[in-house]
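Asks: Chains as they are written, first to last, in the numbering used here: chain W, 1 to 173; chain R, 1001 to 1173. Cβ coordinates follow ideal geometry from the N, Cα and C atoms, glycine included. Being a predicted model, the structure only gives us computed values, none of them experimental.
Protein chains: 2
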Amino acid sequence: MKDLTEVAQKFVLHWGEMGTRWGINRTVAQIHALLFITESPLDAEEICEVLGVARSNVSNSLKELQNWGIVKVVHLQGDRRDHFESMKDVYEMFRVILAERKRREIDPTVLTLKTCVSEADGDGMENYSKQRLKDLLDFFETTTNFYEQANRLPTKAAVKAIKMGDKFLKTFS
Amino acid sequence: MKDLTEVAQKFVLHWGEMGTRWGINRTVAQIHALLFITESPLDAEEICEVLGVARSNVSNSLKELQNWGIVKVVHLQGDRRDHFESMKDVYEMFRVILAERKRREIDPTVLTLKTCVSEADGDGMENYSKQRLKDLLDFFETTTNFYEQANRLPTKAAVKAIKMGDKFLKTFS
DNA sequence: CTCTTATTTCTGTTAATACTGAAATAAGAG
DNA sequence: CTCTTATTTCAGTATTAACAGAAATAAGAG
């Protein structure tokens, strides 16, 4: 595996940095970036070399990416090593990421809010505070309902919808 | 300032936890949660006591929340201490947060991608990789364009649009 | 101006997380 | 089954970010 070009390097580093800002491990994001721009699947050893991180770190990060569902193992003819490739369709990829974040973070938050709202009576909480929790719950329910629906569209339709929505909204302003 | 009720505590802790998952400091998120559910503006000392964190921590966290634009200082008659209150309209609040995250993270990413794409020729980068970067850039431009337009709608219209969009999409499925 | 009180800044500590390298395990070839 | 090679697990280390407490600064009252 030859070294990354300067541009590739720049992208991988930036993506890693972005990851950290969104609560994603730097190495995980870097590996994802690398796999995303690389045409052929890479094995773990190659990833180590290119990124200069420990084998175990790569192993764990790849697991994480597989948990996210945006990286898959593939096997190449006559090579017993695992090779890894990223999902390539950008829209699809972000849909998967979004769905996963919803599952991991939004759903539990909605659950917590529901519990809070239902326990709020008999807890001595101010009515004002109760109402704020209700507002918040309502916000999450409304937006996630919308998301659920929008997410049923196949990617192409979704992209079209976004572009049409954009144009449509422009006629207002 | 009296202690938080159990429910309030549960919410504040959860919100803090959520913060960390999205790259937001735990204390920052906790203070935000506290101010959000509290009707009257609080001073820094009160926040310290309720959350049990150091004064300096509160001070810095409040600065951060003010930078985000979701917490404001208010002054009360006959009290020289600063008091703080959170934006209360949930939709508006998330709009502000989203706008700020775009400004801080998405815009720089778009810039980086543009640079990468334009420098990709003469860098020896594979055509395949170049294309992936272009795809990614296209994705960000399409979605942020849409976002920009959607964000021009006043909150009420936006909420309506979300609810209508939800209903509309349901007719498909 | 001076005193008091609020706020911020700074420095050191702690805690959390990321990471490494070695050891253990697993998996495939022969 | 045995040997080799790939992968994972684990225990320790390092890095980073969060936080506390003290010191410095600022701001308001009188």
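Please state whether the Cβ-Cβ distance between Thr1005(R) and Asp123(W) is less than 8 Å.
Replies: Position 5 of the second sequence, counted from the first residue, corresponds to residue 1005(R). Position 123 of the first sequence, counted from the first residue, corresponds to residue 123(W). In this structure, Asp123(W) lies closer than 8 Å to Thr1005(R) by Cβ.
Asks: On the criterion of 16 or more Cβ atoms from any shown chain inside 10 Å, does His14(W) qualify as buried, or is it exposed?
Replies: Translated into the one-based positions of the first sequence, residue 14(W) becomes position 14. Under this definition His14(W) is a buried residue.
Asks: Kindly provide the ranges of any alpha helix (DSSP H) runs that are 4 or more residues long and lie completely inside the segment 19 to 69 of chain W, ordered along the chain.
Replies: 26 to 37, 44 to 51, 55 to 68
Asks: Using a C-beta cutoff of 8 Å, does Ser61(W) count as contacting chain R?
Replies: The sequence position of residue 61(W) within the first sequence is 61, counting from 1. Closer than 8 Å: no.
Asks: Any C-beta of chain R sitting closer than 8 Å to the C-beta of Gln30(W)?
Replies: Mapped onto the first sequence, residue 30(W) falls at position 30. No - not a single Cβ of chain R is within 8 Å of the one on Gln30(W).
Asks: At a CB distance below 7 Å, what residues from the segment 129 to 147 of chain W approach chain R? Give them in sequence order.
Replies: Ser129, Arg132, Leu133, Asp135, Leu136, Phe139, Thr142, Thr143, Asn145, Phe146
Asks: Which chain R residues are close to Arg80(W), counting only those with a beta carbon under 7 Å from its beta carbon?
Replies: For the purposes of this step, residue 80(W) is taken as the residue at position 80 of the first sequence. By Cβ distance, chain R contributes nothing, its closest Cβ being about 26 Å from Arg80(W), past 7 Å.
Asks: With distances taken from CA atoms, which of Gln1131(R), Ala1054(R), Phe1168(R), Lys1160(R) is nearest Met152(W)?
Replies: Counting from 1 along the first sequence, the entry for residue 152(W) is found at position 152. Sequence check: residue 152(W) is Arg here, not Met. With distances taken between Cα atoms, Arg152(W) lies closest to Phe1168(R).
Asks: Got a sec: which bits of the segment 1020 to 1044 of chain R sit with their beta carbon under 8 Å from any beta carbon on chain W, in order along the chain?
Replies: Thr1020, Arg1021, Trp1022, Gly1023, Phe1036, Ile1037, Thr1038, Glu1039
Asks: Within its chain, find whatever has a CB closer than 8 Å to the CB of Thr117(W); leave out the 5 residues flanking it on each side and keep chain order.
Replies: Counting from 1 along the first sequence, the entry for residue 117(W) is found at position 117. Note on residue identity: the sequence assigns Val, not Thr, to residue 117(W). For Val117(W), where only same-chain residues beyond five positions count, the Cβ hits under 8 Å are Lys130, Leu133, Lys134, Leu137.
Asks: From Glu1039(R) to Asn67(W), what does the alpha carbon distance come to, in whole angstroms?
Replies: In the second sequence, counting from the first residue as 1, residue 1039(R) sits at position 39. In the first sequence, counting from the first residue as 1, residue 67(W) sits at position 67. Those two C-alpha atoms are separated by around 41 Å.
Asks: Could you name the residues of chain R that Thr184(W) contacts, counting a contact when the two beta carbons are closer than 7 Å?
Replies: What the structure shows of chain W is the stretch from 1 to 173, and residue 184(W) is not part of that stretch, so it cannot be assessed.
Asks: How about Val7(W): is its C-beta nearer than 8 Å to some C-beta of chain R?
Replies: The count along the first sequence starts at 1 and reaches residue 7(W) at position 7. At least one chain R Cβ lies under 8 Å of Val7(W).
Asks: For a cutoff of 8 Å on Cβ pairs, would you count Leu1169(R) as touching chain W?
Replies: Here residue 1169(R) is taken as the residue at index 169 of the second sequence, counted from 1. Chain W contact via Cβ: present.
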